[in-house]
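Everything below concerns the one structure shown next.
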Amino acid sequence: MKNNKNAVLHVWMLPLLFVLACFTACYLTGSLDYRSITDERSQRDFNAALGMPLIIGYLWLALRILHRRSGKRIADFLVQTNQLSQYRQHMKTLEKKLIRHVILAATLSIAITLVYLI
């Protein structure tokens, strides 16, 4: 039971910390102050400060859950085909793909945020 809680906490921790850090940074810069919305640009800044971290955190969490599930599916398949010795090789390939996806997602999210704010 404790191992399962640690696994769930491991999946949720980084996306949650990212969202909280973004909200803190946006609050400290004044982007999340709804009382300072006076024109269209300040409304756009408020929407971006609220929406972008939530969307990015959600997508990051979904990516981590998919990665975890695919690792379990690979293990189940390898057990059924009696090739469990190849698990490490498949997981290394999966890790490389995850890193590429994270880099691509981070690049796109930063680019979209910059285009939206400019």
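Residues 40 to 157 in the working numbering are what the sequence shown spells out, letter by letter. C-beta atoms are modelled at their ideal positions from N, C-alpha and C, and glycine is treated no differently. These numbers come from a predicted model, not from an experiment.
Query                                                                                                        : Result
Per-residue burial, Met52 [other beta carbons within 10 Å of its own, 16 or more giving buried]              : exposed
Complete runs of the beta strand (DSSP E) confined to the segment 42-88 [at least 3 residues]                : none
Local Cβ density within 10 Å of Ala150, reported as buried at 16 or more and exposed below that              : exposed
Classification of Asp84 by the beta-carbon crowding that lies within 10 angstroms, buried from 16 upward     : buried
Same chain only: Cβ atoms within 8 Å of Tyr126, ignoring 5 sequence neighbours per side                      : Ile113, Ala114, Leu117
Contact under 8 Å by Cβ, His106 with Leu56                                                                   : no
Cβ shell of Ile104 (< 7 Å), same chain only, five flanking positions each side left out                      : Val50
His140, buried or exposed, once every other Cβ within 10 Å from all chains shown has been counted against 16 : exposed
Residue from Trp99, Gln128, Val154 whose Cα sits closest to the Cα of Gly110                                 : Gln128
Distance cut-off 7 Å: Tyr126 Cβ against heavy atoms of the ligand MN                                         : As far as ligands go, the structure on display features none, and thus does not contain the ligand MN.
Simplified DSSP state of Thr120, which is helix, strand or coil                                              : coil
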